[in-house]
Every structure is written in structure tokens, then in C-alpha cells.
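Asks:
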Amino acid sequence: MTLDLVFYTNPMSRGQIARWMLEEVGEIYETILLDYGTSMKAADYRAINPMGKVPAIVHEGRVVTECAAICAYLADAFPAAGLAPPVDQRHDYYRWLFFAAGPVEAAVTNKALGFVVPEGRERTAGYGSFDDTIDALESAVAGDGWICGDQFTAADVYVGSQIDWGLMFKSIPTRPAFEAYAARLRARPAYQRQKEIDGALIAEMQKQG
């Protein structure tokens with residue numbers, strides 16, 4: 538029987554972000570694993586995500602793709618989990634969620650690919666420069682709390698994933714604020730469950746060759 542919440546992923550992908558969010562939500566969900574270049578590009582999955590990429594979720598027939606959108610959607614769809622601030626207190630929530638999905642993603646990806654914004658063309662790039670983007674990101678996670686103060690939210694799942702991965706893969710510079718924030722994230726039970734689940738799936742895939 539298909540569940541009301543279906544998760545399409547590959548454990549070696551950004552699907553890890555969506556799984557972490559699903560684990561934070563705490564609802565039962567069905568996982569469908571897809572392979573790069575085969576089932577991920579098949580017509581039936583492209584009907585769900587025309588990009589042929591993961592992750593995607595289907596909740597009660599509604600399709601959501603893109604990690605930031607999945608995180609925000611799940612927070613709203615399952616309010617009992619407490620993963621979104623009250624509507625009138627969502628300024629930092631929206632600000633940094635979209636900042637990570639836009640400027641941070643673009644700046645980090647471009648740098649990893651060796652693309653440098655030509656001098657004087659910073660306004661054209663949108664994010665300005667890599668250093669400016671990282672400085673702004675640091676300001677979002679400085680201190681001892683979360684992005685929205687004392688409340689852990691979906692913004693921490695998405696922004697935190699960017700920082701956590703960036704530190705591991707050296708695509709984001711090591712700074713005390715980033716290290717401290719990542720340590721708080723890694724202590725969360727849902728984060729640890731996600732790593733255990735996807736780690737086991739990766740190990741099984743590697744064993745199968």
C-alpha cells in the first residue's frame with residue numbers, strides 16, 4: 538500500500554537534506570530509491586520532476602521538489618512538529634532559507650567549478666562575491682542558538698545542511714561560528730537517524746558494485 542507521503546531519493550545526493558527534514562517531522566513515509574541515469578531519468582519519474590533529479594516528495598498527491606521548498610512545505614504540512622515559527626515571526630526564517638537556496642548555493646557551486654566573478658561584475662552575479670556571501674552566512678548562525686533564535690526550524694535543516702556539507706567537503710571555510718553551529722546540528726537525533734539510514738544505503742549500494 539502506498540503511503541500518503543512518498544520520498545524519492547538517492548542516498549548519495551541532496552536527498553539527504555530532505556530525509557533529515559522528514560526525520561525531524563517524524564511522520565511515516567515511503568522511500569523510493571532511484572539510480573542516476575536510469576530510473577531518475579525515466580518517464581514515470583520525469584512526470585514527477587521534469588528535471589530528472591532528486592529529491593522529490595509526493596504528499597497526498599501533491600508534488601514538491603527542490604530541497605528548500607521541501608523543507609518549508611513539510612514544516613507547514615505538519616505543524617505539530619514545530620519546525621516553522623509563527624507567521625508573524627518568519628522574517629529570519631524566510632530570509633536565510635532563501636539566502637541559502639540562492640546566493641550560497643550559487644557562490645559555493647561557482648567557486649567549486651573554478652568560476653570567479655570578474656572584477657566589477659559583482660552586481661551581475663547577484664550574490665556579489667564568495668567572500669561577501671560567506672560573511673553574510675556566518676552572521677546568520679553566530680551565537681549559541683538557531684537561525685530563528687531559540688526555535689530550531691526547517692531553515693536550520695536547509696541552511697545547516699549547506700554548512701555541514703561545506704565543512705566536510707571544504708567548500709565552505711572553517712570558522713568557529715560554522716563549526717559550533719554544525720556541532721549543534723550533528724547532536725540532533727533526527728540528523729543522526731538520517732546519517733544512519735543513508736549511510737547504510739550507501740554501504741549496500743557500494744557492496745553491490
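Here the sequence shown is numbered in the working numbering, starting from 538 and rising by one per residue. Every residue gets a Cβ at the ideal spot worked out from N, C-alpha and C, and that includes glycine. Just so it is clear, the structure is predicted and the values come from calculations on it, not from any experiment.
Starting from residue 646, trace the alpha helix (DSSP H) both ways and give me its first and last residue.
Replies: Within the sequence shown, numbered from 1, the residue matching residue 646 stands at position 109. 642-649 is the extent of the alpha helix (DSSP H) around residue 646.
Asks: With distances taken between CB atoms, is the gap from residue 659 to residue 618 smaller than 9 angstroms?
Replies: Within the sequence shown, numbered from 1, the residue matching residue 659 stands at position 122. Within the sequence shown, numbered from 1, the residue matching residue 618 stands at position 81. Cβ distance not < 9 angstroms, so residue 659 and residue 618 don't count as in contact.
Asks: Would you mind listing the alpha helix (DSSP H) stretches within the stretch 719-746 that are 4+ residues and don't spill past its ends, in chain order?
Replies: Qualifying alpha helix (DSSP H) stretches, in chain order: 726-745.
Asks: Got a sec, what are the start and stop residues for the alpha helix (DSSP H) residue 670 sits in?
Replies: By one-based count along the sequence shown, residue 670 stands at place 133. Here the alpha helix (DSSP H) through residue 670 covers 667-678.
Asks: Could you name each continuous beta strand (DSSP E) segment of 3 residues or more that falls completely within the stretch 575-623, going from the start of the chain to the end?
Replies: You should have 593-596, 599-602.
Asks: Does the stretch 724-740 come close enough to the stretch 658-674 that 3 or more CB-CB pairs lie under 8 angstroms?
Replies: No, because fewer than three Cβ pairs between the stretch 658-674 and the stretch 724-740 fall closer than 8 angstroms, the two stretches do not touch.
Asks: Candidates 683, 590, 691: which alpha carbon is nearest residue 607's?
Replies: The residue given as residue 607 occupies position 70 in the sequence shown. For residue 607, the nearest C-alpha among the options comes from 691.
Asks: Keeping to the same chain, check which residues put their C-beta closer than 7 angstroms to that of residue 810; ignore five residues upstream and five downstream.
Replies: This structure cannot settle anything about residue 810, because the visible part of the chain is limited to 538 through 746.
Asks: Give me the Cα-Cα distance between residue 652 and residue 638, rounded to the nearest whole angstrom.
Replies: Numbered from 1 along the sequence shown, position 115 holds the residue referred to as residue 652. Numbered from 1 along the sequence shown, position 101 holds the residue referred to as residue 638. Taking the straight line from one Cα to the other gives about 18 angstroms.
Asks: Are there 16 or more other CB atoms within 10 angstroms of the CB of residue 556, so buried, or fewer, so exposed?
Replies: Looking up residue 556 in the sequence shown gives position 19. So residue 556 counts as buried.
Asks: Assuming residue 631 is part of the alpha helix (DSSP H), what are its boundary residues?
Replies: Within the sequence shown, residue 631 is the residue found at index 94, counting from 1. Looking at the DSSP string, the run of the alpha helix (DSSP H) that includes residue 631 is 628-636.
Asks: Could you pull out every unbroken alpha helix (DSSP H) segment of at least 4 residues lying fully inside the stretch 548-579, listed in chain order?
Replies: For the stretch 548-579, whole alpha helix (DSSP H) runs of length 4 or above, ordered along the chain, are 552-562.
Asks: Please go through the same chain and pick out, in chain order, the residues whose beta-carbon is closer than 6 angstroms to the beta-carbon of residue 578, but skip the five residues on each side of it.
Replies: Taking the sequence shown and counting its residues from 1, the one referred to as residue 578 is at position 41. Cβ neighbours of residue 578 beyond the five flanking positions: 589.
Asks: Starting from the C-beta of residue 538, find all residues in its chain whose C-beta is less than 8 angstroms away, skip the five residues before and the five after it, and write them out in chain order.
Replies: For the purposes of this step, residue 538 is identified with residue 1 of the sequence shown, where counting begins at 1. No answer about residue 538 holds up, because its pLDDT of 45 lies below 50 and its placement is not dependable.
Asks: Under 7 angstroms Cβ to Cβ from residue 613, same chain only, skipping five residues before and after it: list those, please.
Replies: Residue numbering aside, residue 613 sits at position 76 when the sequence shown is read from its first letter. Excluding positions up to five away in sequence, the list reads 621.
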